[in-house]
Amino acid sequence: METRRVLVTVGAGGVGKTTTAAAIGVAAARRGKRVLCLTIDPAKRLAESLGIAEMRTEAATIDPARFAAAGVPLSGSLTAMMLDTKRTFDELVVKYSSSQEKADRLLSNKLYQYVSTSLAGTQEYMAMEKLVAVKDDPRYDLIVLDTPPTANALDFLDAPERLKEALDSATMKWFVQAFQTSGKFSLNLIAKSAGTILRTIGRITGGGFLEAMAEFIAELNDLFGGFKERAVRVEAALRGPEIAFVLVTSASPPSIQEVLYFSERLTQASMPHGAFVVNRFHLPPPHAEGVTAADAASAIAGRRLAVEDDAPARFVRAHTDAVRLAALDAHHLRALQGAAGDTPIVRVAELESDVHDLALLAELGEVLMGSGV
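Using my numbering, you'd call the opening residue of the sequence shown number 26 and step up by one each time.
Below is the structure:
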């Protein structure tokens with residue numbers, strides 16, 4: 026956090042990426058930094074944790090009074106923003122279209138409206154695009170990006186290359202070729218084999234679909250140069266010295282295997298690791314060597330607690346379970362420790378409840394900062 030301008034939290038879904046990103050943002054703001062926290066996941070809980078009604082697509086600075094009320098001293102600032110995939114795509118269209126008329130035509134195209142919101146990979150690419158757009162904003166000292174929720178944490182990493190491949194694909198060229206200067210769609214203008222394929226599609230979907238697709242791709246062709254240039258810039262930014270990746274996982278073997286694969290891909294792509302964060306880690310309880318029913322009964326009596334007769338036995342079972350879970354997590358963590366090298370590994374203990382307010386976010390942030398993030 027002290028040496029990078031951009032931190033990107035990555036990992037599988039459900040491992041606490043968003044909470045980790047918010048906690049890093051709060052910790053940095055407490056240390057005097059002006060922080061922008063970007064998320065594409067409009068999680069209501071995160072908005073509530075930050076003290077705002079809902080995440081918005083416009084940058085919203087968290088009221089310092091909320092930090093004061095939570096007993097969290099703040100010397101910097103924290104701004105939150107929800108990434109809007111379509112809005113970011115629309116801004117690119119307007120920026121790179123050769124005329125406003127062409128931009129308007131593409132923006133109103135039904136296929137564009139689908140692609141800009143629902144096509145696989147669009148969300149991931151636009152998250153990276155927005156990062157490139159704001160990373161040099163002088164209003165912020167640190168930008169924390171919470172990557173999109175996805176079953177595959179590598180999707181956003183591959184998104185720029187997939188976009189370039191799509192723009193260069195033969196299918197794109199077919200449709201551009203088939204859309205005449207007059208704006209009329211003609212299958213006679215393309216290769217015989219391609220025309221046969223497209224005629225078959227047309228019989229299934231109706232000619233209107235092909236017409237709309239051809240118009241969409243022909244208009245998009247006007248933007249190819251700009252989009253490809255941006256994709257190259259996005260790829261370069263991900264390898265830049267100002268960026269580090271915080272790899273978030275749980276202690277479960279599948280989650281650790283996925284984050285190790287992701288780590289390997291980062292290394293192959295020369296992208297810098299910042300830290301591994303292992304959330305919901307079971308730490309060994311006090312007196313891990315063993316607790317007897319007599320020990321439990323003595324402790325209960327000393328506190329004059331009114332409990333059921335079987336409370337000591339239940340306490341022993343709970344303690345035994347805690348020791349077992351801690352040993353299991355420690356065993357699973359060895360695979361990560363063996364592959365992490367010099368990258369710090371931060372273990373965040375299993376909490377009694379979800380992180381739902383600024384005080385808990387601040388507490389989590391201090392755990393992360395104290396461990397080297």
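In this text, a Cβ means the ideal position worked out from N, Cα and C, and glycines have one as well. Since we're looking at a predicted model, the values are computed, not measured.
Beta-carbon spacing of residue i, residue j below 9 Å
i: residue 390; j: residue 51; result: yes
i: residue 75; j: residue 103; result: yes
i: residue 101; j: residue 46; result: no
i: residue 168; j: residue 263; result: no
i: residue 272; j: residue 257; result: no
i: residue 36; j: residue 368; result: no
i: residue 58; j: residue 172; result: no
i: residue 344; j: residue 276; result: no
i: residue 348; j: residue 373; result: no
i: residue 266; j: residue 309; result: no
i: residue 319; j: residue 340; result: no
With 16 other Cβ atoms within 10 Å as the buried cut-off, status of residue i
i: residue 412; result: Only positions 26 to 398 of the chain appear in this structure, which leaves residue 412 out of reach.
i: residue 141; result: buried
i: residue 324; result: exposed
i: residue 255; result: buried
i: residue 386; result: buried
i: residue 97; result: buried
i: residue 99; result: buried
i: residue 170; result: buried
i: residue 362; result: exposed
i: residue 83; result: exposed
i: residue 126; result: exposed
i: residue 149; result: buried
i: residue 326; result: exposed
i: residue 354; result: buried
i: residue 286; result: exposed
i: residue 232; result: At residue 232 the pLDDT is 47, less than 50, meaning the model places this residue with poor confidence; the figure from the coordinates comes in the next sentence. Under this definition residue 232 is an exposed residue.
i: residue 330; result: exposed
i: residue 93; result: exposed
i: residue 6; result: There is simply no residue 6 to check, as the chain begins at 26 and stops at 398 in what is shown.
i: residue 133; result: exposed
i: residue 48; result: buried
i: residue 288; result: buried
i: residue 72; result: buried
i: residue 204; result: Per-residue confidence for residue 204 stands at a pLDDT of 45, beneath the threshold of 50, marking its modelled position as unreliable; the derived number appears in the next sentence. Classification of residue 204: buried, given that the 10 Å Cβ count is 16 or more.
Span separating the alpha-carbon of residue i from that of residue j
i: residue 322; j: residue 334; result: 9 Å
i: residue 253; j: residue 61; result: 27 Å
i: residue 200; j: residue 138; result: Caution is warranted here: a pLDDT of 49 is assigned to residue 200, below 50, making its placement in the model unreliable, and the coordinate value is therefore given only provisionally. Roughly 18 Å between the two C-alpha positions.
i: residue 293; j: residue 301; result: 17 Å
i: residue 114; j: residue 307; result: 42 Å
i: residue 378; j: residue 27; result: 30 Å
i: residue 123; j: residue 130; result: 12 Å
i: residue 364; j: residue 40; result: 20 Å
i: residue 183; j: residue 91; result: 39 Å
i: residue 56; j: residue 162; result: 19 Å
i: residue 359; j: residue 259; result: 34 Å
i: residue 112; j: residue 305; result: 35 Å
i: residue 29; j: residue 164; result: 16 Å
i: residue 314; j: residue 280; result: 29 Å
i: residue 352; j: residue 135; result: 55 Å
i: residue 336; j: residue 166; result: 53 Å
i: residue 278; j: residue 38; result: 14 Å
i: residue 388; j: residue 121; result: 44 Å
i: residue 211; j: residue 290; result: Reliability fails at residue 211, whose pLDDT of 40 lies under 50, so the model's placement of it is uncertain and the value that follows must be treated cautiously. Straight-line Cα distance between these residues: approximately 43 Å.
i: residue 376; j: residue 248; result: 49 Å
i: residue 34; j: residue 86; result: 21 Å
i: residue 332; j: residue 382; result: 32 Å
i: residue 295; j: residue 350; result: 36 Å
i: residue 160; j: residue 110; result: 17 Å
i: residue 77; j: residue 282; result: 36 Å
i: residue 158; j: residue 44; result: 24 Å
i: residue 328; j: residue 89; result: 41 Å
i: residue 312; j: residue 338; result: 16 Å
i: residue 147; j: residue 366; result: 33 Å
i: residue 107; j: residue 116; result: 16 Å
Distance cut-off 8 Å: residue i Cβ against heavy atoms of the ligand SAM
i: residue 390; result: The ligand SAM is not part of the structure shown, which contains no ligands of any sort.
Cβ-Cβ separation, residue j to residue i (assumed contact under 8 Å), whole Å
i: residue 128; j: residue 118; result: 5 Å
i: residue 299; j: residue 269; result: 3 Å
i: residue 95; j: residue 384; result: 5 Å
i: residue 303; j: residue 380; result: Contact flag wrong, Cβ pair sits at about 16 Å.
Task: Any beta strand (DSSP E) of 3 or more consecutive residues that is wholly inside the stretch 278-305 - done: none
Task: Complete runs of the beta strand (DSSP E) confined to the stretch 80-147 [at least 3 residues] - done: 102-107
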